[in-house]
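Throughout the sequence shown, residue numbering follows this note's numbering, covering 27 to 443 in sequence.
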Amino acid sequence: MMNLFSFLDSSPQVPDSKRHDINVRTQLAGYLTGIRHTGLQKICAALNLPPPLEGRHNKRDKELLQVVQKFANESMSTAIQEAIDVAKSTDITVSGDGTWQTRGFSSKHGAADLISTCDSPKVVDIETCSKTCNVCLGTPEARAKYDQIIINHDCGKNFDQPSGNMEASSILKMFRRSEKKYCVRYVKYIGDGDSKTFSVLKTEIPYKGIEIQKSEDINRFGKRLKRALEVIKKDCGKEKLSDGKTIGGKGRLTDQMITRFQIYFYEAIRKNKNDLDKLYKSAQAMYWHKFSTNSDHHHQFCDVSWCGYLQAKKNNTHYDHTPHALPRAIQLMKKHGISDADDVSETSDQQNENNDDFDDDDYDDVSSTADTSFDSDETSHNNTDNEDDNNDDGNRQVEDLYYNPKSRKWKDSDEDN
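Here it is, written out as structure tokens:
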């Protein structure tokens with residue numbers, strides 16, 4: 027009697043290969059998640075499945091790498107073409123950032139990338155830096171084949187400078203090869219405010235006769251404002267302000283209120299990125315809105331879309347500032363924190379008339395449904411607080427400051443123009 031066997035594959039085979047699709051995808055997932063072969067072994071053990079063989083796993087790495095590189099290059103080329111179509115020019119805007127394998131400035135490996143600034147940002151180029159090579163490190167153990175290995179291997183070491191220079195060096199390389207690789211020039215760069223990259227781009231000049239322009243990303247800029255207010259709150263501590271109370275607590279400068287200022291600052295930049303004067307005035311609106319009281323209101327910079335006072339005035343109804351205003355003693359302290367961060371011209375597209383279509387919504391996405399209004403009842407002030415605000419001898423009136431559209435700065439009225 028003849029026995030018949032039938033095999034049913036639960037996963038299709040990869041074309042022109044004996045490998046199954048699920049095995050290839052699992053190996054790729056191991057690299058994308060950082061767990062690699064060791065992590066996959068643990069997962070298989072937990073699922074009571076046989077682990078992938080290490081020898082076969084390593085053998086397929088090179089094959090998988092070639093496929094990944096091929097599709098990565100195709101994706102980046104498509105992203106470049108999309109950026110050209112949006113800008114209607116081969117002079118485009120990119121955003122860049124770097125990362126390291128370990129924290130600090132002692133990492134042996136680092137990487138950087140450039141991203142387009144379309145509505146759907148995509149990676150357009152990548153570069154890696156390595157201060158060591160695994161083959162070179164392991165070669166001395168194989169003394170008999172040392173010379174042959176050293177000559178024939180593709181050395182992974184490509185960086186000899188301090189690790190802190192990896193980001194700037196990598197981005198400079200990508201700028202320099204953009205014309206040859208994609209026939210484009212990166213004429214405007216969006217990066218970290220504390221990065222060395224832009225100074226390197228200005229010094230090295232990747233394109234002859236072209237000065238790279240810089241915009242600071244909104245995420246970093248908003249964090250600068252938040253940190254400034256947090257520092258003020260921390261430095262004040264339990265110290266009594268001019269109204270006899272501390273800076274924190276109910277109805278004062280809470281962490282939630284600081285976050286509210288940060289979110290509004292994001293929105294002010296996004297909505298006015300093409301008009302620098304409006305950008306500055308909108309940034310100042312968050313100060314004067316909270317500075318206002320029932321007896322002394324200053325809403326000349328506010329927008330009716332979110333300002334409860336302007337909405338009430340439009341509808342001929344009464345508006346009470348008490349639940350929403352911050353005590354003036356806090357406002358006078360906070361003004362310095364906002365002033366330190368209000369050089370928002372670095373985030374404006376008005377610096378470059380050719381980049382009016384630039385969209386920076388890919389940075390730190392703040393939901394359009396987020397409550398950016400300062401009229402929400404986060405907390406209420408009691409009557410004593412309100413009286414202290416109105417009777418504060420140290421009140422600084424709006425007339426004491428004026429906005430100079432030429433210098434785009436707020437100054438004391440007694441300062442020279």
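Each residue gets a CB set at the ideal place from its N, CA and C atoms; glycine is no exception.
Sequence-distant residues of its chain with Cβ nearer than 6 angstroms to residue i (five each side left out)
i, result
"Lys148", "Ala105, Ser142"
"Arg202", "Pro232"
"Cys328", "Ala311, His315, Leu336"
"Thr125", "Ala137"
"Phe470", "What the structure shows of the chain is the stretch from 27 to 443, and residue 470 is not part of that stretch, so it cannot be assessed."
"His179", "Val161"
"Lys307", "Phe327"
Sequence-distant residues of its chain with Cβ nearer than 8 angstroms to residue i (five each side left out)
i, result
"Val40", "His46, Asp47, Val50"
"Glu205", "Arg211, Tyr233"
"Glu153", "Ala137, Ala138, Asp139, Ser196, Ile197, Lys199, Met200"
"Cys181", "Cys159, Val161, Cys162"
"Leu54", "Leu90, Val94"
"Phe78", "According to the sequence as given, residue 78 is Pro; it is not Phe. If we look at Pro78 and ignore the five residues flanking it on each side, its Cβ neighbours are Asn49, Thr52, Gln53, His63, Leu66, Gln67, Cys70."
"His323", "Tyr335, His347"
"Arg86", "Arg45, Val50, Gln53"
Coarse secondary structure for residue i, derived from DSSP in three states
i, result
"Lys304", "helix"
"Ser132", "coil"
"Asp368", "Because the pLDDT of Asp368 is 47, which lies under 50, any placement of that residue in the model is unreliable, and the number read from its coordinates should be weighed accordingly. It is coil, neither helix nor strand."
"Gly217", "strand"
"Ser189", "helix"
"His324", "coil"
"Tyr313", "helix"
"Tyr208", "helix"
"Leu198", "helix"
Residue i classed as buried or exposed, judged by whether at least 16 other C-beta atoms fall within 10 angstroms
i, result
"Ser196", "buried"
"Tyr172", "exposed"
"Ala109", "buried"
"Lys259", "buried"
"Asn298", "buried"
"Glu80", "exposed"
"Ala72", "exposed"
"Ser146", "exposed"
"Leu34", "exposed"
"Cys209", "exposed"
"Phe97", "exposed"
"Ser331", "exposed"
"Arg278", "buried"
heavy atom of the ligand HEM below 7 angstroms from residue i C-beta
i, result
"Arg169", "The ligand HEM is not part of this structure, which contains no ligands at all."
Beta-carbon separation (whole angstroms), residue i vs residue j, contact threshold 8 angstroms
i, j, result
"Tyr215", "Gly122", "6 angstroms"
"Ala351", "Tyr345", "Not a contact, Cβ separation roughly 11 angstroms."
"Ser132", "Ser189", "6 angstroms"
"Met192", "Cys155", "4 angstroms"
7 angstroms CB neighbourhood of residue i in its chain, flanking five on each side removed
i, result
"Phe287", "Leu251, Leu255, Met312"
"Ile284", "Lys252, Leu255, Glu256"
"Lys304", "Asn298"
"Ile236", "Arg211, Val213"
- Entirely enclosed beta strand (DSSP E) segments - the region 59-144, minimum 3 residues: Qualifying beta strand (DSSP E) stretches, in chain order: 117-126, 135-142.
- Query: Along the chain, which unbroken stretches of the beta strand (DSSP E) at least 3 residues long are found entirely within the region 144-181?
  - Reply: 149-156
- Contiguous alpha helix (DSSP H) assignments of at least 4 residues, all confined to the region 220-306: 223-230, 244-262, 281-297
- Please go through the region 32-61 and give each complete alpha helix (DSSP H) segment of 4 or more residues, from N-terminal end onward. 47-59
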